[in-house]
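One structure is given here, and the rest of the page talks about it.
In this note's numbering, the protein residues as written are 86 to 212.
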């Protein structure tokens with residue numbers, strides 16, 4: 086449980102520092118984003134935390150029209166899956182300029198904005 090807490094905290098801290106981290110397995114080199122306490126390929130727990138670039142392509146998306154209370158001011162908004170340059174995928178809100186429609190393989194870059202209680206939130210914007 087201690088290792089899970091360390092990995093989750095590393096990811097949360099990285100977002101608050103406006104960067105994205107993943108885990109890299111010291112045994113086989115597999116990278117996971119967000120980080121995992123155990124390698125999904127070889128089951129090793131010899132894991133290091135590494136920074137990954139925030140560049141990616143939009144793989145798929147949906148438009149949210151009914152949102153939780155924390156996002157009512159954004160409706161409608163785009164929730165997308167972004168494939169990072171290292172092959173891993175992250176889900177997040179995609180902020181596009183007015184009049185711009187999402188497209189498959191659209192180049193996106195991670196952006197961060199202040200959320201509740203001063204914590205940063207990961208967003209995706211056109212690169």
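Even for Gly, the Cβ is constructed at its ideal location relative to N, Cα and C.
Assess, as a yes-or-no matter, whether the segment 93-103 is touched by the segment 153-164 under the definition of 3 or more beta carbon pairs within less than 8 Å. no
Per DSSP, the bridge partner or partners of residue 164: 147, 178
Buried or exposed for residue 110, going by 16 or more other Cβ atoms inside 10 Å? buried
Within 10 angstroms of the Cβ of residue 160, are there 16 or more other Cβ atoms? Answer buried if so, exposed if not. exposed
Report the residue ranges of all beta strand (DSSP E) runs contained in full by the segment 97-147; include only those spanning at least 3 residues, in chain order. 105-110, 132-137
Nearest neighbour of residue 193, chosen from 121, 117, 180, 116 [CA to CA]: 180
CA-CA distance, residue 182 and residue 130? 42 Å
Please identify the residue among 197, 171, 170, 189 whose C-alpha is closest to the C-alpha of residue 177. 197
Label residue 167 either buried or exposed according to how many other C-beta atoms from any shown protein chain fall within 10 Å of its C-beta, with 16 as the threshold for buried. buried
Going by beta-carbon coordinates alone, are residue 126 and residue 115 separated by less than 8 Å? yes
When the distance is taken between beta carbons, is residue 92 closer than 8 Å to residue 169? no
Might you give, ordered along the chain, the residues of its own chain that have their beta carbon closer than 6 Å to the beta carbon of residue 211, omitting 5 neighbours on each side? none
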